[in-house]
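Just below is one structure, and these are the notes that go with it.
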Amino acid sequence: MNIPPAEALVEAPDIPLAELTDADRELIAFARDVVDANTDGEGGIHTMGAAVRAVDGTLHAGINVYHFTGGPCAELVALGAARASGARELDAIVAVGNMGRGVVGPCGRDRQVLLDYHPGIRVILPTTRGVRSVRIEGLMPYAFAWSPGVGATAYPSDPVDPVESR
Numbered sequence: 013m014n015i016p017p018a019e020a021l022v023e024a025p026d027i028p029l030a031e032l033t034d035a036d037r038e039l040i041a042f043a044r045d046v047v048d049a050n051t052d053g054e055g056g057i058h059t060m061g062a063a064v065r066a067v068d069g070t071l072h073a074g075i076n077v078y079h080f081t082g083g084p085c086a087e088l089v090a091l092g093a094a095r096a097s098g099a100r101e102l103d104a105i106v107a108v109g110n111m112g113r114g115v116v117g118p119c120g121r122d123r124q125v126l127l128d129y130h131p132g133i134r135v136i137l138p139t140t141r142g143v144r145s146v147r148i149e150g151l152m153p154y155a156f157a158w159s160p161g162v163g164a165t166a167y168p169s170d171p172v173d174p175v176e177s178r
């Protein structure tokens, strides 16, 4: 998978982005260390690592499980690892590609899962202004919300400023 250069990315002007914090940079480094230690190598499979930070500051990581039939993305594995460790409230998430590919934004399925399970989580991703964070609602302004008891319902369409909502 080739990631386009930053100047080729198109960014919606109404998505409120936030500068990275020291804690965000630590989360990126943690994800990078995990993916570098567990990569399939140059001739191997497309490996991604992800890390999430719980509100208490603990970090949890995951590696994608690549298979020709599909498989869970690194972000979903990291969410499961956090949950298995007892972390229910998460503050931020990031995915990093192996072999120095850097920060990668979540796919559509991951975005929907994040919105449903962790509304308000900050997602760290590449933008035309460099790596920034945005609340998941900012990435999904016209998404639907889903819950087991209610099913799909309209989600508020106005992105929330990530700085004001911390």
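Per the working numbering, the very first residue in the sequence shown carries number 13; after that it's consecutive.
Cβ coordinates follow ideal geometry from the N, Cα and C atoms, glycine included.
Legend entry - Rounded separation between residue 74 and residue 26 - CA only: 31 Å
Legend entry - Assigned secondary structure, residue 41 (DSSP; H/G/I helix, E/B strand, else coil): helix
Legend entry - Three-state secondary structure (DSSP) of residue 77: coil
Inset, instruction - Use the C-beta contact count for residue 175: other C-beta atoms within 10 angstroms, 16 or more gives buried, fewer gives exposed. - result: Unreliable placement is indicated for residue 175, whose pLDDT of 46 sits below 50; no coordinate value is reported for it.
Legend entry - Cβ-based burial, residue 116 [other Cβ within 10 Å; buried from 16]: buried
Inset, instruction - Quick one: grab the DSSP three-state call for residue 27. - result: coil
Legend entry - For residue 138, the residue or residues it bridges with in DSSP: 143
Legend entry - Runs of alpha helix (DSSP H) wholly within the region 54 to 128 (minimum 4 residues, chain order): 86 to 96
Inset, instruction - With DSSP collapsed to three states, give me the class of residue 155. - result: coil
Inset, instruction - Under 8 Å Cβ to Cβ from residue 102, same chain only, skipping five residues before and after it: list those, please. - result: 64, 65, 66, 67, 91, 94, 130 and 133
Legend entry - 8 Å CB neighbourhood of residue 136 in its chain, flanking five on each side removed: 32, 36, 39, 40, 104, 105, 106, 115, 143, 144 and 145
Legend entry - CA nearest to the CA of residue 125, picked from 88, 153, 28 and 43: 88
Inset, instruction - Inspect the beta-carbon positions of residue 152 and residue 123 and report whether they are closer than 9 Å. - result: yes
Inset, instruction - Take residue 165 and list the residues in its own chain whose beta-carbon comes closer than 6 Å to its own, dropping the five residues that flank it on each side. - result: 157
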